[in-house]
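Numbering (this note's numbering), first residue to last: 1 to 301.
The structure appears below as structure tokens.
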């Protein structure tokens, strides 16, 4: 297989990842019809942990690198942030809908370089600030109906807070990635998030086997496909795709969240909402502009 074929296959894997993650918003919305946010996340992350644990065990056995304190510490911290981010997203998706949730969550792409500059003194580019300028009116159009007073719905507020937490999650993952393997970090953070959500679910929510049964398919989809298969495809794709190509393709997740919501849930947005989506997508793409220049310019997919 030549380099071009490898690149095309990698881009295909990343596109499938974006589709899987985008459709996951619809699955989350269906879960929320039967279960509380803590229960939803507890089950999906426990399923994801069980699905990926054999692969981590095989990796540890092959390289003779058992989980150590560094692995556990990094995974615990990242898992705690994942717990907060996933809760905010799940709490908001029920009322906001899959499509809107996907685009509001995409705000994290714009926030990552800004928070990186604020917390770690990373350099920012003009395109990063322009992306923020475009994202804010896009967010306004998505969350505030025209003609109404400025008041953000609780569900939208959860999603916005979630986007901030996802940005922290990305930065934290980047900080700890070199101290452990990607697979260990992934499995441990899923396990930590699952346990934290389970504890909160047992305290704050009522859990019934019948409700779990009704939400079983979306739980399995989110746990196995969104977390497990999506992670694997992302890893495979990024092995042979340039970083900018990967970022641009994965940013289509929000587009597929709208398509998934329309096809699977019958969701429809107003013209204002679609304009807001377009502005958010433009902001996401613009925030990746500096990385695109570094990778050599043109994108060949």
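Backbone N, C-alpha and C fix where the C-beta goes; we use that ideal spot for every residue, glycine too.
Other residues of its chain near residue i: CB distance less than 8 Å, five sequence neighbours each side excluded
i: residue 272; result: 141, 145, 146
i: residue 183; result: 52, 55, 56, 59
i: residue 204; result: 36, 38
i: residue 122; result: 113, 116
i: residue 224; result: 47, 48, 51
Nearest-angstrom Cβ-Cβ length linking residue i and residue j, presumed shorter than 8 Å
i: residue 110; j: residue 283; result: 5 Å
i: residue 250; j: residue 14; result: 6 Å
i: residue 303; j: residue 98; result: Residue 303 lies beyond the stretch modelled for the chain, which goes from 1 to 301, so this question has no answer here.
i: residue 130; j: residue 286; result: 6 Å
i: residue 88; j: residue 161; result: 5 Å
i: residue 26; j: residue 228; result: At roughly 18 Å, the Cβ-Cβ gap does not stay under 8 Å, so residue 26 and residue 228 are not in contact.
Test item: CB-CB of residue i and residue j under 8 Å
i: residue 38; j: residue 201; result: yes
i: residue 85; j: residue 165; result: yes
i: residue 167; j: residue 115; result: yes
i: residue 307; j: residue 47; result: Outside the shown range of the chain, which is 1 to 301, sits residue 307, and nothing can be said about it.
i: residue 240; j: residue 70; result: no
i: residue 187; j: residue 80; result: no
i: residue 311; j: residue 219; result: No answer is possible for residue 311: the residues shown for the chain start at 1 and end at 301.
i: residue 189; j: residue 73; result: no
i: residue 236; j: residue 170; result: no
i: residue 159; j: residue 215; result: no
i: residue 90; j: residue 143; result: no
i: residue 209; j: residue 29; result: no
i: residue 288; j: residue 233; result: no
7 Å Cβ shell around residue i - same chain, five flanking residues per side excluded
i: residue 211; result: 34, 35
i: residue 138; result: 276, 279, 280, 283
i: residue 66; result: 60
i: residue 42; result: 194, 197, 198, 201
Neighbourhood of residue i by C-beta, 6 Å cutoff - its chain only, sequence neighbours within 5 removed
i: residue 230; result: 17, 20, 21
i: residue 196; result: 83
i: residue 12; result: none
i: residue 155; result: 92, 95, 96
i: residue 253; result: 18, 21, 22
i: residue 24; result: 222, 226
i: residue 132; result: 110
i: residue 10; result: 237, 240, 241
For this session: Note down, one range per segment and in chain order, each alpha helix (DSSP H) of at least 4 residues found wholly within the stretch 66–113.
Result: 69–96, 98–105
Exercise. What are the start and end residues of each continuous alpha helix (DSSP H) run of 4 or more residues lying completely inside the stretch 233–264, in chain order?
Worked result: 243–250
For this session: Go through the stretch 133–178 residue by residue and report every complete run of the alpha helix (DSSP H) that reaches 4 residues or more, in order.
Result: 154–176
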